[in-house]
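Peer 1: Protein sequence lines, in the order shown, are assigned to chains A and B. Residue numbers for the first sequence follow this note's numbering, so the first one is 541 and each next one is one higher. Residue numbers for the second sequence follow this note's numbering, so the first one is 541 and each next one is one higher.
Number of protein chains: 2
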Amino acid sequence: MLSIGKLSGLTGVKVPTIRYYEQIGLLPKPERNEGGQRIYNNTSRERLNFIRHARELGFPLDDIRELLALSDDPDQSCEAIDAIAKRQLAEVEHRLVRLNALHRELERMVAQCTCGTVQTCRVIQVLGDHGLCAADHQKIVSHDIDQ
Amino acid sequence: MLSIGKLSGLTGVKVPTIRYYEQIGLLPKPERNEGGQRIYNNTSRERLNFIRHARELGFPLDDIRELLALSDDPDQSCEAIDAIAKRQLAEVEHRLVRLNALHRELERMVAQCTCGTVQTCRVIQVLGDHGLCAADHQKIVSHDIDQ
DNA sequence: GCTACATCCTCTAGTGACTAGAGGTTCAAG
DNA sequence: CTTGAACCTCTAGTCACTAGAGGATGTAGC
Numbered sequence: 541m542l543s544i545g546k547l548s549g550l551t552g553v554k555v556p557t558i559r560y561y562e563q564i565g566l567l568p569k570p571e572r573n574e575g576g577q578r579i580y581n582n583t584s585r586e587r588l589n590f591i592r593h594a595r596e597l598g599f600p601l602d603d604i605r606e607l608l609a610l611s612d613d614p615d616q617s618c619e620a621i622d623a624i625a626k627r628q629l630a631e632v633e634h635r636l637v638r639l640n641a642l643h644r645e646l647e648r649m650v651a652q653c654t655c656g657t658v659q660t661c662r663v664i665q666v667l668g669d670h671g672l673c674a675a676d677h678q679k680i681v682s683h684d685i686d687q
Numbered sequence: 541m542l543s544i545g546k547l548s549g550l551t552g553v554k555v556p557t558i559r560y561y562e563q564i565g566l567l568p569k570p571e572r573n574e575g576g577q578r579i580y581n582n583t584s585r586e587r588l589n590f591i592r593h594a595r596e597l598g599f600p601l602d603d604i605r606e607l608l609a610l611s612d613d614p615d616q617s618c619e620a621i622d623a624i625a626k627r628q629l630a631e632v633e634h635r636l637v638r639l640n641a642l643h644r645e646l647e648r649m650v651a652q653c654t655c656g657t658v659q660t661c662r663v664i665q666v667l668g669d670h671g672l673c674a675a676d677h678q679k680i681v682s683h684d685i686d687q
């Protein structure tokens with residue numbers, strides 16, 4: 541009933557992204573019409589909405605894959621689901637802490653810049669010498685703040 | 541005076557990362573000893589410290605490249621530097637807003653889970669229906685929160 | 001039926017900032 | 001002189017897409 545373009549419009553997921561999700565096995569391979577173009581139904585639409593929403597909340601695709609698998613078994617305990625959601629919550633909280641520290645440091649640095657010459661620029665000084673930082677920002681690995 | 545391993549130990553930047561920075565032209569090509577191994581001096585060390593610190597504060601490598609170029613011209617106005625720092629601050633603030641919205645939504649979702657069966661799982665319900673969300677989280681594109 | 005033109009198809013490669021690994025060479029200590 | 005750590009280059013992988021080439025199909029108006 542739905543072309544890939546229509547499905548894209550309805551879910552807000554871009555066409556190449558839908559194909560990508562199919563390619564990595566997150567969406568089942570849909571039927572095709574005579575010309576070989578994909579046709580979707582409302583089940584695909586719900587599944588894609590679920591994926592989109594979970595992505596918006598920062599869940600990685602592997603977690604979403606697992607959530608989808610778990611949600612297909614309605615009588616099971618939802619412990620596993622809860623665990624994934626809690627893990628994601630903890631991730632986000634961790635990132636928030638880091639990002640807040642980073643924010644404080646940047647703000648401090650920018651506030652101290654008197655906008656003279658490069659020679660006296662506080663931004664360059666602070667970047668060159670970690671000792672000029674407040675003690676509250678640590679090495680932030682991308683893992684901490686990546687989405 | 542410094543092998544790549546020593547430089548790594550002194551700066552906290554991993555050896556392959558140092559080679560990567562050289563490859564993309566962020567660090568100048570260092571001299572080599574007879575055996576072809578890289579040898580660094582204190583100038584390299586300062587430059588690498590600068591890069592590391594800027595990375596810790598979330599500056600993208602392209603911005604760091606620009607900051608390094610600007611810092612080589614000490615008599616210039618530091619306007620351009622200030623602009624980069626302010627842009628980064630704005631970026632971080634934007635990410636904070638998004639991440640906070642995301643955090644609230646996740647917390648709400650997890651709190652509502654009564655841990656019964658999948659069928660009644662609030663997490664699955666909310667993920668499947670954006671309408672169940674508080675109105676404060678929007679589509680978050682990776683650009684918003686990526687580091 | 002014909003002509004545009006939008007939409008679709010597959011495939012490959014690029015993004016950012018690294019990280020991992022293969023397969024080999026050089027250095028430093030004992 | 002041997003051992004093993006540290007170094008070298010090169011390629012490919014990570015995550016979640018995005019962009020583009022080059023071509024096929026679908027649809028609306030005439």
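Beta carbons: idealized from backbone N, C-alpha and C, even for Gly. Treat the numbers as computed from the prediction; the structure is a model and nothing was measured.
1) Just by C-beta distance, which residues in the segment 643 to 658 of chain A are closer than 8 Å to chain B?
2) Quick one: which chain B residues come within Cβ less than 9 Å of A:H670?
3) Does DSSP put A:L542 in a helix, a strand or coil?
4) Just the C-alpha distance for A:H683 and A:T557, rounded to the nearest angstrom, thanks.
5) If you follow the alpha helix (DSSP H) that B:K569 is part of, which residue opens it and which one closes it?
6) Rounded to the nearest angstrom, what separates B:I604 and B:E562 at their Cα positions?
7) Under 7 Å, Cβ to Cβ, is there at least one residue of chain B near A:L639?
8) Could you check which residue in B:L588, B:E574, B:T660, B:K554 has the C-alpha nearest to that of A:D615?
9) From the DSSP output, read off the bridge partner residues of A:I579.
10) Measuring straight from C-alpha to C-alpha, what distance separates A:N581 and B:A651?
11) A:S617 touches chain B at which residues, Cβ-Cβ below 8 Å?
12) How about A:H593: is its Cβ closer than 6 Å to a heavy atom in the ligand NAD?
13) Starting from the Cα of B:E574, find the closest Cα among B:R635, B:S543, B:E647, B:Q665 and give me that residue.
14) Is A:A611 close to chain B, meaning its C-beta is less than 7 Å from at least one C-beta of that chain?
15) Who does A:S617 pair with in a DSSP beta bridge?
16) Please work out which residues of its chain come closer than 8 Å, Cβ to Cβ, to A:R592, disregarding the five sequence neighbours upstream and downstream, and give them in chain order.
17) Give me the Cα-Cα distance between A:T654 and A:R662, rounded to the nearest whole angstrom.
18) Note down the Cα distance separating B:G671 from B:E647, rounded to an integer number of angstroms.
19) If you run the structure through DSSP and keep just helix, strand and coil, what is B:K554?
20) Closer than 7 Å by C-beta to A:G656: which residues in its own chain qualify, once you throw out the five before and the five after it? Chain order, please.
21) Using 8 Å as the Cβ pair cut-off and three pairs as the minimum, do the segment 616 to 636 of chain A and the segment 633 to 647 of chain B touch?
22) Just verifying my parser: in three-state terms, what is the DSSP assignment at A:F590?
23) Determine the chain B residues that contact A:D622 at a beta-carbon separation under 8 Å, and present them in chain order.
24) Run through DSSP, which three-state label would B:L597 get?
Peer 2: So, from the data block:
1) Result list: H643, E645, L646, E647, M649, V650, C653, C655, G656, T657, V658.
2) Indexing the first sequence from 1 puts residue 670 of chain A at position 130. For a Cβ distance threshold of 9 Å, residue set N589, R592, H593, E596 of chain B lies close to A:H670, ordered along the chain.
3) Reading the first sequence from its first residue, position 2 is the one you call residue 542 of chain A. Strand at A:L542.
4) Translated into positions along the first sequence, residue 683 of chain A becomes position 143. Translated into positions along the first sequence, residue 557 of chain A becomes position 17. At A:H683, the pLDDT of 43 sits below 50, so the modelled position is not reliable and the matter cannot be decided from this model.
5) As a working note, residue 569 of chain B is residue 29 in the second sequence. B:K569 -> no alpha helix (DSSP H), and no H or E assigned at all.
6) Counting from 1 along the second sequence, the entry for residue 604 of chain B is found at position 64. Counting from 1 along the second sequence, the entry for residue 562 of chain B is found at position 22. The C-alpha of B:E562 is placed about 14 Å away from the C-alpha of B:I604.
7) Position 99 of the first sequence, counting from 1, holds the residue named residue 639 of chain A. Interface residue, yes.
8) The sequence position of residue 615 of chain A within the first sequence is 75, counting from 1. Ranking the options by Cα distance to A:D615, first place goes to B:T660.
9) By 1-based counting over the first sequence, the position of residue 579 of chain A is 39. BP columns for A:I579 point to A:E571.
10) Residue numbering aside, residue 581 of chain A sits at position 41 when the first sequence is read from its first letter. Residue numbering aside, residue 651 of chain B sits at position 111 when the second sequence is read from its first letter. Computed Cα separation, rounded: 33 Å.
11) Start at 1 with the first residue of the first sequence, and residue 617 of chain A comes out as number 77. Per Cβ cutoff of 8 Å: C655, G656, T657, V658.
12) Ligands displayed in this structure: none; no statement on the ligand NAD is therefore possible.
13) As a working mapping, residue 574 of chain B is identified with position 34 in the second sequence. Scanning B:R635, B:S543, B:E647, B:Q665 for the CA closest to the CA of B:E574 turns up B:S543.
14) Along the first sequence, one-based indexing puts residue 611 of chain A at 71. This sequence places Ser at residue 611 of chain A; Ala is not what is there. Cβ-Cβ to chain B under 7 Å: yes for A:S611.
15) For the purposes of this step, residue 617 of chain A is taken as residue 77 along the first sequence, with counting starting at 1. Answer is B:T657, bridged to A:S617.
16) The residue labelled residue 592 of chain A in the question sits at position 52 within the first sequence. Result list for A:R592: T551, G552, V553, in chain order.
17) For the purposes of this step, residue 654 of chain A is taken as the residue at position 114 of the first sequence. For the purposes of this step, residue 662 of chain A is taken as the residue at position 122 of the first sequence. Computed Cα separation, rounded: 8 Å.
18) Along the second sequence, read from residue 1 onward, the residue named residue 671 of chain B stands at position 131. Along the second sequence, read from residue 1 onward, the residue named residue 647 of chain B stands at position 107. Using only the alpha carbons, I get a separation of about 16 Å.
19) The sequence position of residue 554 of chain B within the second sequence is 14, counting from 1. It is coil, neither helix nor strand.
20) Residue mapping note: residue 656 of chain A aligns to position 116 of the first sequence, counting from 1. Excluding sequence neighbours, A:G656 sits near nothing in its chain.
21) A contact between stretches requires three or more CB pairs, one per stretch, nearer than 8 Å, and the segment 616 to 636 of chain A meets this requirement with the segment 633 to 647 of chain B.
22) Taking the first residue of the first sequence as position 1, residue 590 of chain A is located at position 50. DSSP, read as helix, strand or coil, puts A:F590 in helix.
23) Locating residue 622 of chain A in the first sequence gives position 82, counting from the first residue. When 8 Å is used as the limit between beta carbons, A:D622 is near these residues of chain B: V650, C653, C655, C661, V663, in chain order.
24) Here residue 597 of chain B refers to the residue found at position 57 when the second sequence is read from its first residue. Coil.
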